[in-house]
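This report concerns only the one structure given below.
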């Protein structure tokens, strides 16, 4: 699952240009362990910098017919690092979830979960060192 999400975020997230080969040595990687999931009372029931936000949302037309449903998630640091308030974060989540049109919050049903995360970071040089150590260990095992 981790490998799949890494590739999707690196190559398919339409909010960013795909990573090219020249950028690889400059990359840093962070892995977030998500925990403490809770249902939110509403789409504003979470704290910036503490909670990540996951939404499922449904957009309806003026006749009350569902015309779109989407899903999106932001880690706890996303809102604070972009200086977004809660309402802007929700708007960005709706966009991330695929809705590109106009909308009125009265025409959207938003189901929100909040969560926390623990993070571990690494850079490309550390990855290369890890890879070399692992290769050396694999060779030792094969020689025995």
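In the numbering used here, the protein residues as written are 87 to 230. For glycine and all other residues, C-beta sits at the position ideal for the given N, C-alpha and C.
Status (buried if at least 16 other CB within 10 Å, exposed otherwise) for residue 200: The residue you call residue 200 lines up with position 114 of the chain shown. Per the 10 Å Cβ criterion, buried.
Where residue 180 falls: helix, strand or coil (DSSP): Here residue 180 refers to the residue found at position 94 of the chain shown. Helix at residue 180.
Touching by the beta-carbon criterion (3+ pairs, under 8 Å), the segment 198-214 and the segment 108-118: With the cut-off at 8 Å, the segment 198-214 and the segment 108-118 touch.
Bounding residues of the alpha helix (DSSP H) (the contiguous stretch that carries residue 163): Walking along the chain shown from the start, residue 163 turns up at place 77. Residue 163 -> alpha helix (DSSP H) spans 162-167.
Cβ neighbours of residue 122 in the same chain (closer than 7 Å, five flanking residues each side left out): Walking along the chain shown from the start, residue 122 turns up at place 36. Only 201, 202 meet the Cβ criterion.
Coil, strand or helix - residue 133 by DSSP: Numbered from 1 along the chain shown, position 47 holds the residue referred to as residue 133. In the structure shown, residue 133 falls within a coil segment according to DSSP collapsed to helix, strand and coil.
Host beta strand (DSSP E) of residue 125 (start-end): Reading the chain shown from its first residue, position 39 is the one you call residue 125. Note, residue 125: beta strand (DSSP E), 114-125.
Buried or exposed by the 16-neighbour rule on C-beta atoms within 10 Å, applied to residue 91: The sequence position of residue 91 within the chain shown is 5, counting from 1. Burial check for residue 91: the Cβ neighbour count within 10 Å stays below 16, so the residue is exposed.
With 16 other Cβ atoms within 10 Å as the buried cut-off, status of residue 162: For the purposes of this step, residue 162 is taken as residue 76 along the chain shown, with counting starting at 1. Label assigned to residue 162: buried.
C-beta atoms of residue 144 and residue 155 nearer than 8 Å: Looking up residue 144 in the chain shown gives position 58. Looking up residue 155 in the chain shown gives position 69. Yes, these two residues count as a Cβ contact at 8 Å.
Coarse secondary structure for residue 200, derived from DSSP in three states: As a working mapping, residue 200 is identified with position 114 in the chain shown. Of the three classes helix, strand and coil, the one that applies to residue 200 here is strand, per DSSP.
Cβ-Cβ distance between residue 142 and residue 157 below 8 Å: For the purposes of this step, residue 142 is taken as residue 56 along the chain shown, with counting starting at 1. For the purposes of this step, residue 157 is taken as residue 71 along the chain shown, with counting starting at 1. Yes, they are a contact pair.
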